[in-house]
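K.L.:
Taken in order, these protein sequences are the chains called U and A.
My numbering applies: residue 1 is where the first sequence begins, and numbers increase by one.
My numbering applies: residue 1001 is where the second sequence begins, and numbers increase by one.
Just so it is clear, CB atoms sit at the ideal spot from N, CA and C, and this is done for glycine as well.
There are 2 protein chains.
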Amino acid sequence: MSDTAYTPPEVWDPETVSGGKFANINRPTAGAREEKALPTGEHDFQLYSLATPNGVKVTVMFEELLEAGYSDAEYDAFTINIGDGEQFGSGFVDLNPNSKIPALLDRSGPEPVRVFESGAILLHLAEKFGAFLPTDHTRAEVLSWLFWQMGSGPNIGGGFGHFYNYAPEKYEYPINRYAMEVKRLFDVADQRLAKSEYLGGAEYSIADIATWPWLAPFVKGVIYGEARKFLSIDEYEHVARWANQIGERPAAKRGRIVNRTWGDEDTQLRERHSAADFEGKKL
Amino acid sequence: MSDTAYTPPEVWDPETVSGGKFANINRPTAGAREEKALPTGEHDFQLYSLATPNGVKVTVMFEELLEAGYSDAEYDAFTINIGDGEQFGSGFVDLNPNSKIPALLDRSGPEPVRVFESGAILLHLAEKFGAFLPTDHTRAEVLSWLFWQMGSGPNIGGGFGHFYNYAPEKYEYPINRYAMEVKRLFDVADQRLAKSEYLGGAEYSIADIATWPWLAPFVKGVIYGEARKFLSIDEYEHVARWANQIGERPAAKRGRIVNRTWGDEDTQLRERHSAADFEGKKL
Chain U
1 MSDTAYTPPE
11 VWDPETVSGG
21 KFANINRPTA
31 GAREEKALPT
41 GEHDFQLYSL
51 ATPNGVKVTV
61 MFEELLEAGY
71 SDAEYDAFTI
81 NIGDGEQFGS
91 GFVDLNPNSK
101 IPALLDRSGP
111 EPVRVFESGA
121 ILLHLAEKFG
131 AFLPTDHTRA
141 EVLSWLFWQM
151 GSGPNIGGGF
161 GHFYNYAPEK
171 YEYPINRYAM
181 EVKRLFDVAD
191 QRLAKSEYLG
201 GAEYSIADIA
211 TWPWLAPFVK
221 GVIYGEARKF
231 LSIDEYEHVA
241 RWANQIGERP
251 AAKRGRIVNR
261 TWGDEDTQLR
271 ERHSAADFEG
281 KKL
Chain A
1001 MSDTAYTPPE
1011 VWDPETVSGG
1021 KFANINRPTA
1031 GAREEKALPT
1041 GEHDFQLYSL
1051 ATPNGVKVTV
1061 MFEELLEAGY
1071 SDAEYDAFTI
1081 NIGDGEQFGS
1091 GFVDLNPNSK
1101 IPALLDRSGP
1111 EPVRVFESGA
1121 ILLHLAEKFG
1131 AFLPTDHTRA
1141 EVLSWLFWQM
1151 GSGPNIGGGF
1161 GHFYNYAPEK
1171 YEYPINRYAM
1181 EVKRLFDVAD
1191 QRLAKSEYLG
1201 GAEYSIADIA
1211 TWPWLAPFVK
1221 GVIYGEARKF
1231 LSIDEYEHVA
1241 RWANQIGERP
1251 AAKRGRIVNR
1261 TWGDEDTQLR
1271 ERHSAADFEG
1281 KKL
């Protein structure tokens, strides 16, 4: 581990930066890079997303609402290929100036509203339908765990996942830093789930819907190469119990394949417009 | 930049990790490290915090509520010295199993509730008092920017701040990675604030209260050493307009010194129990 020859300049110059899997995507500026309208469907809810953990949160939420009988939660889901830079098209940037999936257009109210950031979308839908978020004294606990996930995600994905799996070279210090933090976060969840059926308490809530897509792939060993082994994820038996339990929910099985563009063809659903779209898919 | 001699082991072993300013604090496990009760005051709201950006969010929120005439928002604020590991005392862990400041005990309802994560605390208080969060169609925009801040903070603090300022050595790749992201985030905010007085729209909201403590210190050049110059923060004139505007609010002036343990003595207020505690302080 030696990088000490490096002394940062007084003023950082992005032109000096090269390399990395996402080098063609990352820039130090925001805003649209090309004019490009978004497709739209017929339902009130228009979702633009990809089946990454942050994307899966929202498709699981919609499928849970539909599963629970809220038929007004029908939605059209379109795939945004972030590797191709579709998040920088003008239509998408109008919905989310931060150019990240997922983004939602909600046309169910008196005037259309945009919602961006997965946590905001979950909260918006939970409030709209009165579901998966208690209104009594247990609400604060659910909100706490929801925000805990939102603050944790960047350390798991952009931190650990990037340095362990995506960065052009292996750097020891950042890998150690984020391995430490991801294990700590798993332990936080594990200790909680040892005492509580769900993160927010006795009831399944948007705190679980937000967290499951980030932790379950580690339990199943399907994220960041050998991360499950590297981080000894098998130690967290209560997280595994919870992840497997949620994984059996029909809505979770459906939601995780919406906007999926990898894996076997029958585990991909690039666009979702109705329940019939899941026919023939392997759930 | 060369760290390529490093090959991660199959299974990560925390015992092999050394160094770093926070090495005595960071562990891969959660939970209390010692029995230690928290002090309590007389008000309904008991806050345990430190005047870092995440802490300042909540003290500004309380001071804004009081400034707006919500006298039920009186609070006792106690300092948690994270450098001394006070976040691992059993009383604090009972309030926040994630061992991060800020944490709140709310005794105003029929039974006491804990709230952790700064964003959850802001939302909890906004809902309780019906303030700084609209209930009409503009609510989704405020929630989107609130969650945008929550997802951004880790990249600004634990990412850029750590690698540029706190890490034991300067590593070029992570510094470039997070400099890119922080500049992008500033540009997202700058483009928004060019068109909108506040992040969530025409009205000051919890989205601003959450974001101001993270961006304003860059504008003022009081965070992470030479970060203001390194990142050319002067480019973001609309962020500066907004940061300075909020900085003039009496509640922001008070909130930022609560639980502060550094700087001149007259800019520190280690415990706050009433408005009188600010007397003689330099606001």
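How many Å lie between I101/U and F62/U at the Cα?
P.N.:
Taking the first residue of the first sequence as position 1, residue 101/U is located at position 101. Taking the first residue of the first sequence as position 1, residue 62/U is located at position 62. Approximately 16 Å between the Cα atoms of the pair.
K.L.:
Out of D1094/A, E1235/A, G1085/A, point me to the one whose CA is closest to N1024/A's CA.
P.N.:
Here residue 1024/A refers to the residue found at position 24 when the second sequence is read from its first residue. Checked all of D1094/A, E1235/A, G1085/A; the closest Cα to N1024/A is G1085/A.
K.L.:
Since A1252/A and V1060/A are thought to touch, with beta carbons under 8 Å apart, how far apart are those beta carbons, to the nearest angstrom?
P.N.:
As a first step, residue 1252/A must be located in the second sequence, where it is residue number 252. As a first step, residue 1060/A must be located in the second sequence, where it is residue number 60. Right, the Cβ-Cβ distance comes to about 5 Å (below 8 Å), so this counts as a contact.
K.L.:
So if I threshold CB-CB distances at 9 Å, which residues from the region 1209-1230 of chain A count as touching chain U?
P.N.:
Within the region 1209-1230 of chain A, the residues whose Cβ lies closer than 9 Å to some Cβ of chain U are E1226, K1229, F1230, listed in chain order.
K.L.:
Do three or more CB pairs link the region 1044-1053 of chain A to the region 1232-1246 of chain A at distances below 8 Å?
P.N.:
Segments in contact, no.
K.L.:
Quick check: does the Cβ of E237/U come within less than 6 Å of any heavy atom belonging to the ligand NAD?
P.N.:
The model depicted lacks the ligand NAD and carries no ligand whatsoever.
K.L.:
Of all the CB atoms in chain U, is at least one closer than 7 Å to the CB of S1049/A?
P.N.:
Sequence index remark: in the second sequence, residue 1049/A carries index 49 (1-based). No, its Cβ sits nowhere closer than 7 Å to a Cβ of chain U.
K.L.:
Does the CB of I1101/A have a neighbour CB from chain U at under 7 Å?
P.N.:
Start at 1 with the first residue of the second sequence, and residue 1101/A comes out as number 101. Taking Cβ atoms only, chain U never reaches closer than 7 Å to I1101/A, which makes this a no.
K.L.:
What residue ranges within the region 1115-1141 of chain A form continuous alpha helix (DSSP H) runs of no fewer than 4 residues, ordered along the chain?
P.N.:
Entirely contained in the region 1115-1141 of chain A, the alpha helix (DSSP H) runs reaching 4 residues are, in chain order, 1118-1129.
K.L.:
Which of the three DSSP states, helix, strand or coil, is assigned to A32/U?
P.N.:
Numbered from its first residue, the first sequence carries residue 32/U at position 32. DSSP places A32/U in coil when its eight states are reduced to three.
K.L.:
Report the CB separation of H1036/A from G1089/A in whole angstroms; it is logged as a contact under 8 Å.
P.N.:
For the purposes of this step, residue 1036/A is taken as residue 36 along the second sequence, with counting starting at 1. For the purposes of this step, residue 1089/A is taken as residue 89 along the second sequence, with counting starting at 1. For the sequence presented, residue 1036/A should be read as Lys rather than His. Rounded, the Cβ-Cβ distance is 3 Å, consistent with contact.
K.L.:
Give the DSSP bridge partners of Q46/U, in chain order.
P.N.:
On the first sequence, residue 46/U is found 46 positions in, with the first residue counted as 1. DSSP, once it has assigned bridges, lists D76/U, L105/U as partnering Q46/U.
K.L.:
Quick check on the DSSP output: the alpha helix (DSSP H) that includes E181/U runs from which residue to which?
P.N.:
Sequence index remark: in the first sequence, residue 181/U carries index 181 (1-based). 172-195 is the extent of the alpha helix (DSSP H) around E181/U.
K.L.:
In three-state DSSP terms, what is Y166/U?
P.N.:
To locate residue 166/U, count along the first sequence from 1; it is residue 166. Helix at Y166/U.
K.L.:
So with Cβ pairs under 7 Å, would you call Y75/U a contact of chain A?
P.N.:
Here the question's residue 75/U lines up with position 75 in the first sequence. By this cut-off, Y75/U is not an interface position.
K.L.:
Between which two residues does the alpha helix (DSSP H) containing F1230/A stretch?
P.N.:
On the second sequence, position 230 is the one that residue 1230/A refers to. Unbroken alpha helix (DSSP H) run through F1230/A: 1227-1230.
K.L.:
By a C-beta neighbour count over all protein chains shown, 10 Å radius and 16 as the cutoff for buried, is S274/U buried or exposed?
P.N.:
As a working mapping, residue 274/U is identified with position 274 in the first sequence. So S274/U counts as exposed.
K.L.:
Can you pull the chain A neighbours of S318/U, defined as C-beta to C-beta under 7 Å?
P.N.:
Any question about residue 318/U goes unanswered here, given that chain U covers just 1 to 283.
K.L.:
Determine, using beta carbons only, whether K1170/A comes closer than 7 Å to chain U.
P.N.:
Start at 1 with the first residue of the second sequence, and residue 1170/A comes out as number 170. For K1170/A, the answer is yes, since a Cβ of chain U falls inside 7 Å of its Cβ.
K.L.:
If I measure Cβ to Cβ from E980/A and keep anything under 7 Å in the same chain, skipping five residues before and after, which residues do I get?
P.N.:
This structure gives no information on residue 980/A, because the portion of chain A shown stretches from 1001 to 1283.
K.L.:
Across the region 1168-1185 of chain A and the region 153-173 of chain U, are there enough close Cβ pairs to call them in contact, namely three or more that are closer than 8 Å?
P.N.:
Verdict: yes, contact present.
K.L.:
Under 7 Å, Cβ to Cβ, is there at least one residue of chain A near H124/U?
P.N.:
In the first sequence, counting from the first residue as 1, residue 124/U sits at position 124. So yes, H124/U belongs to the interface.
K.L.:
Tell me, please, whether the CB atom of V1113/A is closer than 7 Å to any CB atom in chain U?
P.N.:
One-based indexing of the second sequence puts residue 1113/A at position 113. Yes, because at least one Cβ of chain U sits closer than 7 Å to the Cβ of V1113/A.
K.L.:
Q1245/A CB to nearest chain U CB: under 7 Å?
P.N.:
In the second sequence, residue 1245/A corresponds to position 245, counting from 1. Not one chain U Cβ lies under 7 Å of Q1245/A.
K.L.:
Would you call the region 1148-1155 of chain A and the region 102-121 of chain U touching, i.e. three or more CB-CB distances under 8 Å?
P.N.:
Output reads yes: the region 102-121 of chain U touches the region 1148-1155 of chain A.
K.L.:
Would you say F116/U lies against chain A (beta-carbon separation less than 7 Å)?
P.N.:
As a working note, residue 116/U is residue 116 in the first sequence. Chain A contact via Cβ: present.
K.L.:
Does A1120/A come within less than 7 Å of chain U when only Cβ atoms are used?
P.N.:
Here residue 1120/A refers to the residue found at position 120 of the second sequence. By this cut-off, A1120/A is an interface position.
K.L.:
Alpha carbons only, please: which of V1188/A, N1096/A, D1076/A is nearest the one belonging to G1255/A?
P.N.:
Taking the second sequence and counting its residues from 1, one reaches residue 1255/A at position 255. Minimum Cα distance to G1255/A is reached at D1076/A.
K.L.:
Taking a Cβ distance cut-off of 7 Å, strictly less, list which residues of the region 176-207 of chain U are near chain A, in chain order.
P.N.:
Going along the region 176-207 of chain U in chain order, one finds N176, A179, M180, K183, R184, D187, V188, Q191, R192 with a Cβ nearer than 7 Å to chain A.
K.L.:
Classify D3/U: buried if its beta carbon has 16 or more other beta carbons within 10 angstroms, exposed otherwise.
P.N.:
Position 3 of the first sequence, counting from 1, holds the residue named residue 3/U. In this prediction, D3/U scores a pLDDT of 48, lower than 50, which makes its location untrustworthy; the coordinate-derived value is nonetheless stated afterwards. The residue in question, D3/U, is buried, as its Cβ has 16 or more Cβ neighbours within 10 Å.
K.L.:
Counting only beta-carbon separations shorter than 7 Å, does L1066/A have a partner in chain U?
P.N.:
Here residue 1066/A is taken as the residue at index 66 of the second sequence, counted from 1. With 7 Å as the cut-off, L1066/A does not count as an interface residue toward chain U.
K.L.:
Out of curiosity, what's the CA-to-CA distance linking V1239/A and G1200/A?
P.N.:
Along the second sequence, read from residue 1 onward, the residue named residue 1239/A stands at position 239. Along the second sequence, read from residue 1 onward, the residue named residue 1200/A stands at position 200. Those two C-alpha atoms are separated by around 14 Å.
K.L.:
Using a Cβ distance threshold of 8 Å, determine whether the region 1177-1189 of chain A contacts the region 185-201 of chain U, with at least three qualifying pairs required.
P.N.:
No, the region 1177-1189 of chain A is not in contact with the region 185-201 of chain U.
K.L.:
Establish whether the CB of D3/U and some CB of chain A are separated by less than 7 Å.
P.N.:
Walking along the first sequence from the start, residue 3/U turns up at place 3. In this prediction, D3/U has a pLDDT of 48, which is less than 50 and means its spatial position is unreliable; nothing more can be read from the coordinates.
K.L.:
Please report whether the beta-carbon of A1276/A lies at a distance below 7 Å from any beta-carbon of chain U.
P.N.:
Counting from one through the second sequence, the residue named residue 1276/A turns up at place 276. It does not: the Cβ of A1276/A has no partner Cβ on chain U nearer than 7 Å.
K.L.:
Is the CB-CB distance between D142/U and A216/U below 7 Å?
P.N.:
Residue numbering aside, residue 142/U sits at position 142 when the first sequence is read from its first letter. Residue numbering aside, residue 216/U sits at position 216 when the first sequence is read from its first letter. The sequence shown places Val at residue 142/U, not Asp. Against a cut-off of 7 Å, the Cβ pair of A216/U and V142/U comes out as no contact.
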